[in-house]
Amino acid sequence: PIHVSSPIEDRQSTFAGRIYRINSVKEVEYISANLNTGADHNMAAWRTLSLKPGRTGLTGPDDFRVESASRDDGEQWGGKRILGIMEKEGVSDALVVVSRWYGGVLLGPVRFTHIEDCAREVCQFFKSYEEVEELITRLAALDNELADLRAEPSAPKPSPPDGTGSSETAMTASPTKRQTSYERLLKSKPPDVGTAQRLIKAREKAVSSVKAVLSRGGAAARERISDER
């Protein structure tokens, strides 16, 4: 799973949620068959995006439809509660499983609160995880653009790493080290959206600065050629 929620304990019952990324409904059965939670109930819900018949996906969101379903696994209405949270949080291409280890004491309606809280935690984590993945992709593209710009003869050269952990230091690191650093953003709990966004701003500023220097250098070169003529 991408994330497992904090357990909720109430009168000898324990609840915990987990979320998986899926690309098709077929994966639901595979994951369900390989769950080894030891729980009394593994309630589940899933939502996936799929192309509508005759659509290509090139004309926009209307080309897609959401397929969704839920499973109670003996905990009546539990699956529907999970699905409701997924819909509210706008999570798709995911399977959420909330497990309950029954302790012998009936909990009444509060059990639905526990189920929803577990589902909500993993859904919110999943959204942050996907956002950071997108930001890392953007960072990699900006790093490549910056490297190409700095390869120009008239481009300013970055300062050598100073060991302070500054954004400038990060930009001069090797691609492998940068990627490792970016992966840490995903491994933090929750995924570090704020730091990823700040890194994006730093890269965009660096790209703009180098472009400005190159532009001034190009203008100066054209002036010299004009004067020589």
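My numbering puts the first residue of the sequence shown at 1, with every later residue one more than the last. Ideal placement from N, C-alpha and C gives every residue a C-beta, glycine not left out.
The beta carbon of I136 is closer than 6 Å to those of Y182 in its chain, skipping five residues each way along the sequence. Contact between P191 and L199 does not hold, since their C-beta atoms are separated by about 13 Å, which reaches or exceeds 8 Å.
One thing to note: Y20 has its Cβ within 9 Å of the Cβ of E27. The three-state reading of DSSP puts L135 in helix, counting H, G and I together. G17 is not a Cβ neighbour of S68, given a cutoff of 9 Å. If you look at Y20, you'll find it in the beta strand (DSSP E) that goes 13 to 21. Close CB contacts of G78 within its chain, under the 6 Å cut and outside five residues either way in sequence, are with M43, D72, I115 (chain order).
When DSSP states are grouped into helix, strand and coil, T48 belongs to the strand group. Apart from the 5 residues on each side of it in sequence, G84 sits with its Cβ closer than 8 Å to the Cβ of E116 in its chain, given in chain order.
For R65, same chain residues with a beta-carbon under 7 Å away, outside a window of 5 residues either side, are S50, K52 in chain order. For I85, the enclosing alpha helix (DSSP H) covers residues 78 to 89. Judged by DSSP in its simplified three-state form, A39 adopts coil rather than helix or strand.
With a contact defined as Cβ atoms closer than 8 Å, Y102 and D40 qualify at about 4 Å.
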